[in-house]
Structures are given as structure tokens and as C-alpha cells.
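Student:
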Amino acid sequence: MVLPNLITVLAICAGLSGIRLAFEGRFESAVVMVLLAAFLDGIDGRLARMLKATSKFGAQMDSLADIVNFGVVPALVLYAYLLDKAGSFGWIATLLFAIAMGLRLARFNVLDEDLERPAWQAEYFVGVPAPVGAIMLMLPMYLGFLGIEGTREVAYAATVFTILVAFLLVSRLPVYSGKKLTIRREYLLPVMLAAVFYVLLLTGYPWQTLTASVVGYLLFLPLSASAYARRSRIESAKLAADTAAVEAVETPETTPES
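Each position in the sequence shown, counted from 1, maps to that position plus 34 in our numbering.
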């Protein structure tokens, strides 16, 4: 039970180290630390389930780590890099993002304990997930590393983008999670090859790859909402049909009097 919690603590250390690096002006390294925190966050829960070491303490620890790593850290890093040029407006956006992340994680914990929620809805997040929100938030930094000058106008545009991401975090937008996605055996090797190719791109062209990933994810969101609406209609029709079938069985047949 110690190992998953230790990884969570290491994720917090990585996130807080990102703030230090940002204050020192080492912004590329700061972004890498945030990405490392997101990676560690992705494996601690899976490791706990593999080792059968899940606990309420670990779940609470993970939520607190997420608020720090994906709410406070990326917001402060982006503020130190660019948003401070927007003055008070930039700081307001920074606060809104951190608060939105806390609200989003609190709602996730409540929904996770909702036993009356239909099972198929567990395949979707409500709002953009926390790690993805943090990676999306730093898009202005990726563009800056690619050569876009951080002028005052760019800072205001980044501030608006920060508020947009904060809204996506607390929105009711259904986002496909992929947790229950299964890969057929004949597609396993191509999927592995594609994953390796993406990692190689991330290693060789990190900022271009991250920029394209954020843009692709933004385009994916409307498709996810459309798929959710279609699935909701199918499940509602199925539930109505099952209810009608049960009522037909339970209702006694009446025969006309002779």
C-alpha cells in the first residue's frame, strides 16, 4: 500500500519543482515537470489496483495531489511565463483556473460514489479531466517555445484561453474516458506501434507534438458530446422497452366474459 502513495507524493514533488523552475526562468523544464506529474498521476491509481492496494486514504491523497499538480502548479507556471503581462486580468484568470480545478475534482469524487448512476455513463467524464486540463492550459507556452513572442496582446489572448479551459473543467460536457476501451488482438501491434511513434514524436518534437495534441483534443470534444447524446438516446430507448416488457408481464391478462 506504500508504493502507490509514494508515487503520488513524487508527483506532488514534481509539480512543486515546476513552480521553482518557473520562478528561476527555466520554463521548458517547468513544463516537463508538470508533464511528469501528469504521468505519475496516471500510473499511481492503476498500480494500486494491480497490487490490490486501493484505500480511501490513497483516494483522498490522489485528489489533493491533483489540485496541486493540475490546478495550482500549471496556473502559476503560466502566470510567471506570460499571464503577468496581462496585469490583474491575468491573475484573475489564474485564480479562476485553480478554483475550477478544485470544483471539478470535488464533483468527480461525488460522481464516483454515486451508485445510482447508470453504468454506461462511467465511460464518460463530466467536463475535461484534470490532467488534460493542465496540459491544455499550457498551450500558450508551447507556442511561445515555437517562437511566438509573448506580447501584451498575446498575454490577453492567453488569459481568455485560460478562462475557457477553466469553463471546460466545470462544464457538464461529456468527454469519453477510454477507461473501458478494449483493443482486439489483431489491432494490438498497430496500436503499440502508433503509441511508440507518438512517444518518439514527443521526444523529438515536444512542443509541436503537444500543440497538435491540444488542438486535436479540442476538436475531439464536440465528437465526444455527439457520441454521448447518441448513446443516451439508445440507452433511454432500451430502458423504455425493458420497462414496457416488465409491465406487460406483470399486468394480468383479462378475458372477456362469456
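Every residue gets a Cβ at the ideal spot worked out from N, C-alpha and C, and that includes glycine.
Predicted, not measured: the structure shown is a model, and the values here were computed from it.
Spatial neighbours of ALA120 within its chain, please: CB distance less than 8 Å, with the 5 preceding and 5 following residues excluded, ordered by chain position.
Tutor: Mapped onto the sequence shown, residue 120 falls at position 86. So the qualifying residues of the chain are ALA127, ARG186, ALA189, TYR190, ALA192, THR193.
Student: Just list the alpha helix (DSSP H) runs in the stretch 135–173, keeping only unbroken ones of 4 residues or longer that don't cross its boundaries, in chain order.
Tutor: Listed in chain order, the complete alpha helix (DSSP H) runs (minimum 4 residues) inside the stretch 135–173 are 164–171.
Student: Let me know if TYR221 comes out buried or exposed under the rule of 16 or more other beta-carbons within 10 Å of its beta-carbon.
Tutor: For the purposes of this step, residue 221 is taken as the residue at position 187 of the sequence shown. Exposed, because fewer than 16 other Cβ atoms sit within 10 Å of the Cβ of TYR221.
Student: Name the two residues that bound the continuous beta strand (DSSP E) containing TYR210.
Tutor: Mapped onto the sequence shown, residue 210 falls at position 176. 208–210 is the extent of the beta strand (DSSP E) around TYR210.
Student: For a test of the three-state rule: what should DSSP assign to TYR115, helix, strand or coil?
Tutor: To locate residue 115, count along the sequence shown from 1; it is residue 81. Helix at TYR115.
Student: By Cβ distance, which residues of its chain are closer than 7 Å to ASP118, with the 5 residues on each side in sequence left out?
Tutor: Start at 1 with the first residue of the sequence shown, and residue 118 comes out as number 84. Correct list, in chain order: GLY124.
Student: Given a cut-off of 8 Å on the beta-carbon distance, is the pair SER97 and ASN39 in contact?
Tutor: Position 63 of the sequence shown holds residue 97. Position 5 of the sequence shown holds residue 39. No.
Student: Would you give the residue range spanned by the alpha helix (DSSP H) that GLY49 belongs to?
Tutor: Residue mapping note: residue 49 aligns to position 15 of the sequence shown, counting from 1. Its alpha helix (DSSP H) spans residues 36–57.
Student: From the DSSP output, in three-state form, read off LEU130 for me.
Tutor: The count along the sequence shown starts at 1 and reaches residue 130 at position 96. Correct three-state label for LEU130: helix.
Student: For CYS47, which residues of its own chain have a beta-carbon under 7 Å away from its beta-carbon, when the five flanking residues on both sides are left out?
Tutor: Your numbering for residue 47 matches position 13 in the sequence shown. No residues qualify anywhere along the chain.
Student: Counting Cβ pairs closer than 8 Å, one from the stretch 71–85 and one from the stretch 127–138, do we hit at least three?
Tutor: As far as the Cβ criterion goes, the stretch 71–85 does not touch the stretch 127–138, which means the pair count is below three.
Student: Tell me whether the stretch 160–178 and the stretch 197–213 touch, counting them as touching only if at least three CB pairs, one residue from each stretch, are closer than 8 Å.
Tutor: Yes, the stretch 160–178 touches the stretch 197–213.
Student: For LEU234, count the other beta carbons within 10 Å of its own beta carbon; 16 or more makes it buried, fewer makes it exposed. Which is it?
Tutor: Reading the sequence shown from its first residue, position 200 is the one you call residue 234. So LEU234 ends up on the exposed side.
Student: Spatial neighbours of SER266 within its chain, please: CB distance less than 8 Å, with the 5 preceding and 5 following residues excluded, ordered by chain position.
Tutor: Along the sequence shown, one-based indexing puts residue 266 at 232. Nothing meets the Cβ criterion.
Student: Among LEU173, MET84, VAL209, which residue has its Cα nearest to the Cα of LEU69?
Tutor: Indexing the sequence shown from 1 puts residue 69 at position 35. Of the candidates LEU173, MET84, VAL209, the one whose C-alpha sits nearest the C-alpha of LEU69 is LEU173.
Student: With the cut-off set at 8 Å, would you say ALA56 and VAL106 are in Cβ contact?
Tutor: Reading the sequence shown from its first residue, position 22 is the one you call residue 56. Reading the sequence shown from its first residue, position 72 is the one you call residue 106. No; because the gap between Cβ atoms is not below 8 Å, this pair is not in contact.
Student: So is SER292 buried or exposed if we call it buried at 16+ other beta carbons inside 10 Å?
Tutor: Here residue 292 refers to the residue found at position 258 when the sequence shown is read from its first residue. Low per-residue confidence applies at SER292: pLDDT is 44, beneath 50, and the placement is therefore not dependable, though the value from the model is reported in the following sentence. Classification of SER292: exposed, given that the 10 Å Cβ count is below 16.
Student: Got a sec? Which residues, its chain only, sit under 6 Å from LEU244 by beta carbon, not counting five neighbours each side?
Tutor: Here residue 244 refers to the residue found at position 210 of the sequence shown. Closer than 6 Å at the Cβ level, and outside the excluded window around LEU244, lie TYR176.
Student: For TYR239 versus VAL166, is the C-beta distance shorter than 8 Å?
Tutor: If you number the sequence shown from 1, residue 239 lands on position 205. If you number the sequence shown from 1, residue 166 lands on position 132. Contact flag unset, no.
Student: Out of PHE91, SER89, LEU44, GLN94, which one is the CA nearest neighbour of PHE73?
Tutor: Counting from one through the sequence shown, the residue named residue 73 turns up at place 39. When only C-alpha atoms are compared, the closest one is LEU44.
Student: Report the rounded CA-to-CA distance for SER89 versus ARG151, giving the unit in angstroms.
Tutor: Translated into the one-based positions of the sequence shown, residue 89 becomes position 55. Translated into the one-based positions of the sequence shown, residue 151 becomes position 117. Going by the C-alpha atoms only, they are around 22 Å apart.
Student: For ASP75 versus ALA99, is the C-beta spacing smaller than 8 Å?
Tutor: For the purposes of this step, residue 75 is identified with residue 41 of the sequence shown, where counting begins at 1. For the purposes of this step, residue 99 is identified with residue 65 of the sequence shown, where counting begins at 1. Going by C-beta atoms, ASP75 is nearer than 8 Å to ALA99.
Student: Quick one: which unbroken alpha helix (DSSP H) runs of 4-plus residues sit fully inside the stretch 182–235? Chain order, please.
Tutor: You should have 186–204.
Student: Give the straight-line distance between the Cα atoms of MET67 and ILE53, rounded to the nearest whole angstrom.
Tutor: Position 33 of the sequence shown holds residue 67. Position 19 of the sequence shown holds residue 53. For MET67 and ILE53, the distance between alpha carbons rounds to 9 Å.
Student: Output yes or no for whether 8 Å exceeds the beta carbon distance between GLU157 and TYR210.
Tutor: As a first step, residue 157 is located in the sequence shown; it is residue number 123 there, counting from the start. As a first step, residue 210 is located in the sequence shown; it is residue number 176 there, counting from the start. Yes; because the gap between Cβ atoms is below 8 Å, this pair is in contact.
Student: Using three-state DSSP, classify SER89 as helix, strand or coil.
Tutor: In the sequence shown, residue 89 corresponds to position 55, counting from 1. Note: SER89 maps to coil in three-state DSSP.
Student: Which residues in the same chain as GLU62 place their Cβ atom closer than 7 Å to its Cβ, once the five residues preceding and following it in sequence are excluded?
Tutor: Walking along the sequence shown from the start, residue 62 turns up at place 28. For GLU62, where only same-chain residues beyond five positions count, the Cβ hits under 7 Å are PHE179.
Student: Hey, how far is the Cα of THR196 from the Cα of LEU85?
Tutor: By 1-based counting over the sequence shown, the position of residue 196 is 162. By 1-based counting over the sequence shown, the position of residue 85 is 51. Going by the C-alpha atoms only, they are around 38 Å apart.
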